[in-house]
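Q: As given, the protein sequences belong to chains R and L, one line each in that order.
Heads up: the first sequence begins at 0 in numbering that gives the first Met the number 0, then just goes up one per residue.
Heads up: the second sequence begins at 0 in numbering that gives the first Met the number 0, then just goes up one per residue.
Protein chains: 2
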Amino acid sequence: MTKKKYTEIAELGEFGLIDHLTKNIKIKNESTLKGVGDDAAVLDYKDKQVVVSTDLLLEGIHFDLTYTPLKHLGYKAVVVNLSDIYAMNAEPKQITVSVGLSSKMSVEAVDEFYEGVYLACERYDVDLVGGDTSSSLTGFAISVTAVGEGEKDSITYRSGAGVNDLICVSGDFGAAYMGLQLLEREKKIFQSNPEVQPDLATHDYLLERILKPEARREVTELLRKIGIKPTSMIDVSDGISSEMLHICKESNVGCRLYEEKIPIDATTAMLAEEMGINPLVAALNGGEDYELLFTIKQEDYEKFTGADGGINIYAIGHITEESKGAYLVTSSGQEVKLTAQGWKHG
Amino acid sequence: MTKKKYTEIAELGEFGLIDHLTKNIKIKNESTLKGVGDDAAVLDYKDKQVVVSTDLLLEGIHFDLTYTPLKHLGYKAVVVNLSDIYAMNAEPKQITVSVGLSSKMSVEAVDEFYEGVYLACERYDVDLVGGDTSSSLTGFAISVTAVGEGEKDSITYRSGAGVNDLICVSGDFGAAYMGLQLLEREKKIFQSNPEVQPDLATHDYLLERILKPEARREVTELLRKIGIKPTSMIDVSDGISSEMLHICKESNVGCRLYEEKIPIDATTAMLAEEMGINPLVAALNGGEDYELLFTIKQEDYEKFTGADGGINIYAIGHITEESKGAYLVTSSGQEVKLTAQGWKHG
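1) Quick one: does R:Ile233 have its CB under 7 Å from some CB of chain L?
2) Quick one: using the 10 Å Cβ neighbour count with 16 as the cut-off for buried, is R:Asp18 buried or exposed?
3) Please classify R:Asp152: is it buried, with 16 or more other beta-carbons within 10 angstroms of its beta-carbon, or exposed?
4) Counting Cβ pairs closer than 8 Å, one from the segment 189 to 201 of chain L and one from the segment 302 to 322 of chain L, do we hit at least three?
5) Looking only at its own chain, which residues have a Cβ that is under 8 Å from the Cβ of R:His202, when we skip the five neighbours before and after it?
6) At least one CB of chain L closer than 7 Å to the CB of R:Tyr156: is that the case?
7) L:Ile233 lies in the beta strand (DSSP E); which residues open and close that run?
8) Taking three-plus beta-carbon pairs below 8 Å as touching, is the segment 276 to 289 of chain L in contact with the segment 235 to 242 of chain L?
9) Are the CB atoms of L:Lys70 and L:Glu111 nearer to each other than 7 Å?
10) For R:Gln48, would you say it is in contact with chain L, using Cβ-to-Cβ distances shorter than 7 Å as the test?
11) Kindly give me the distance between the Cβ atoms of L:Thr144 and L:Ser231, rounded to whole angstroms, as I take these residues to be in contact under 8 Å.
12) Tell me whether L:Ser169 is buried or exposed, calling it buried when 16 or more other Cβ atoms sit within 10 Å of its Cβ.
13) Taking the C-alpha atoms as reference points, what is the distance between R:Lys22 and R:Gly36?
14) Does the beta carbon of L:Glu34 come closer than 7 Å to any beta carbon on chain R?
15) Please confirm whether L:Ile60 has its beta-carbon closer than 7 Å to some beta-carbon of chain R.
16) Under the rule that 16 or more other beta-carbon atoms within 10 Å means buried, what is L:Thr338, buried or exposed?
17) When burial is assigned at 16 or more other CB atoms within 10 Å of the CB, is L:Glu320 buried or exposed?
18) From which residue to which residue does the alpha helix (DSSP H) around R:Asp299 run?
19) Quick check on L:Tyr257: does DSSP put it in helix, strand or coil?
20) Tell me the DSSP bridge mates of L:Val328?
21) Going by other Cβ atoms of all chains shown within 10 Å of its Cβ, with 16 needed for buried, is L:Gly115 buried or exposed?
22) Can you check whether the CB of R:Lys186 is closer than 7 Å to the CB of R:Tyr66?
23) Would L:Met87 count as contacting chain R if we go by Cβ distances under 7 Å?
24) Could you spell out where the alpha helix (DSSP H) holding L:Ala281 opens and where it closes?
25) With a threshold of 8 Å on Cβ separation, who are the neighbours of R:Arg184 within its own chain once the five nearest residues in sequence on each side are excluded?
26) Any beta carbon from chain L within less than 7 Å of R:Asp38's own beta carbon?
27) CB L:Val51 to CB R:Ala40, shorter than 7 Å?
28) So is L:Asp83 in contact with chain R if we call contact Cβ pairs under 7 Å?
29) Assuming L:Ala314 contacts L:Tyr326 under a Cβ cut-off of 8 Å, what Cβ separation, rounded to an integer in Å, is found between them?
30) Between R:Ala214 and R:Ser82, which are expected to be in contact by the criterion C-beta below 8 Å, what is the C-beta distance as a whole number of angstroms?
31) Rounding to the nearest angstrom, what Cα-Cα distance links R:Thr53 and L:Thr95 in this structure?
32) Relative to the C-alpha of R:Ser158, which residue among R:Ala119, R:Leu292, R:Asp38 and R:Ala76 is closest?
33) Would L:Val77 and L:Ala108 qualify as a contact pair, given that the criterion is a beta-carbon distance under 7 Å?
34) What three-state label does DSSP hand R:Val96 in the structure shown?
35) Between which two residues does the beta strand (DSSP E) carrying R:Ile312 extend?
36) According to DSSP, R:Gln190 sits in a beta bridge with which residue or residues?
Below, the structure is given as structure tokens:
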């Protein structure tokens, strides 16, 4: 076994580290006039509107470094912010990344994290234009802000859903949540008996969903291509229930979701049953799926026919008047009230 | 003594807390189309360019809650970001504020912090348009992103300084650094003998400079009013030396600063001598002054005459060719090489 290289961050110093981390940046977007290297980035969006979203990720709350590869973490930190920009039906163009580095992190560890950041920049065509680097006395702290652009008439809010609109989602749900349960289970087993190797085989999909999620750029591209402007849209970070309630609240409407329409991958369902978790609860309240939840006019639905290019879009319910409330209709026909949860991380 | 009210954050929950903190927001700027309450904020800058800056502040590194009132901290967290926008010769219009709340923080404590945030928004006419709220396992973490606008021809970079340009600064230097030394000294005395009351009287100015700094909006307004576009500009967060070296590097020039021209307040100098610190070192390497350091064409200097409206602007040196290096000329005529330091917080 070769020993991994360990360079103290102090060897480079703050400015040296920033130079080291940013020296290979190549600007991709015309709207990026000035990136890293001044007091602020300068962007030019001409007649487009500007969309801004931000997230703070803290060690022990949002991620556990015992099972999260740093490269994946860098990738995910970017992707979860881009997801918010796509949820506005806009296109991300720039990000800033600030990090508070714990004393146990080497330059090599920081490099791994930034490899993931740059990989996400590459994959989603965004420019890293700024940030802040400091030490942290406690854990690793990451703050990402994403900036994007949208046409005035395309930007989609949570507030536009109308009665009888169809409620659609991309992808499937509960997989990231089950991936997290799996990692937590194996961590406990490892802690009580370090000789046992983790049993992660055959769960690639679930692990990828929690450790290296993607933002649904292709979904917004598809919607544009087939000429659908959603009446409302949100990304699913806290589970379908919570996000659906946001749309209902902002649009002053109610909804009916149908249990049998909620897309759940077979591997999600299998592991959930093995672990005694209701797969539906994982899908509705699990979170971290980063799929898109949106509403469309009924007449738009047929535009998806034959046009999806491998992108799975599912109609899972419809919008009702506000007075009818927000409910899930179970397979047996019962109506169960949707409830929101926050702070479920960690 | 009345007991302070203590409400657990869990009583409100994440979404309840966000509602509580944002319910009184009134949007002030035309460019803010959508603030808090969707996946992202939506801004419209029309033909202006967009300027973005971000900072991450961590408990124990950037601030010490044993002597930092939360309201001041909220104010400062915003101001230090606005300072970066002014340093681009631009105007801040929106901010996002993300917080990781430690478990010992009550709703009342969070309210105090946000009182400071809103006070800064009021004072600088910026809108709070987004953010993120989570718990923190470790300390209080704060991330602020500021967005502003500038005319294409006004935005000022670090890279435009030319040979023979005058180097100017606003305000005075080293006061925040001495304020910090004072707080640290009194903290140590208090820790070894809690009966002793802190000796902070007569040091109001120094304490205000460290605990509740201001961004130099009036300076950029003055420059606009009298028709000066600086050739380069930066805000002084890490001390004059470090910032001057940034300008030299980005502009490919050298400089001469003159010891006797560096503005240092009398109270700064007095406390420095009392504590055995060279006041010049405090001014050059101390940091956190949040004054502006900028270069102008020589012929522009006379425009300041009679126009300053109480704003102190000092010429402290001039730009040279790069080959001449970056030096401070002492009162005795010696040349001392400027050196940069980073990560001096805490």
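Glycine included, C-beta positions come from ideal geometry on N, C-alpha and C.
A: With the structure as the only source:
1) yes
2) exposed
3) exposed
4) no
5) Gly178, Leu181, Thr266 and Leu270
6) yes
7) Ser231 to Asp234
8) yes
9) yes
10) yes
11) Going by Cβ atoms, the distance from L:Thr144 to L:Ser231 rounds to 24 Å, so no, they are not a contact pair.
12) buried
13) 10 Å
14) In the sequence as displayed, the identity of residue 34 of chain L is Gly instead of Glu. Not an interface residue.
15) yes
16) exposed
17) exposed
18) Where R:Asp299 is concerned, there is no enclosing alpha helix (DSSP H), given that its DSSP letter is neither H nor E.
19) strand
20) L:Tyr257 and L:Glu334
21) buried
22) yes
23) yes
24) Pro278 to Asn284
25) Met274
26) yes
27) yes
28) yes
29) That pair is no contact at about 16 Å.
30) 4 Å
31) 7 Å
32) R:Leu292
33) no
34) strand
35) Ile312 to Glu320
36) DSSP, once it has assigned bridges, lists no residue as partnering R:Gln190.
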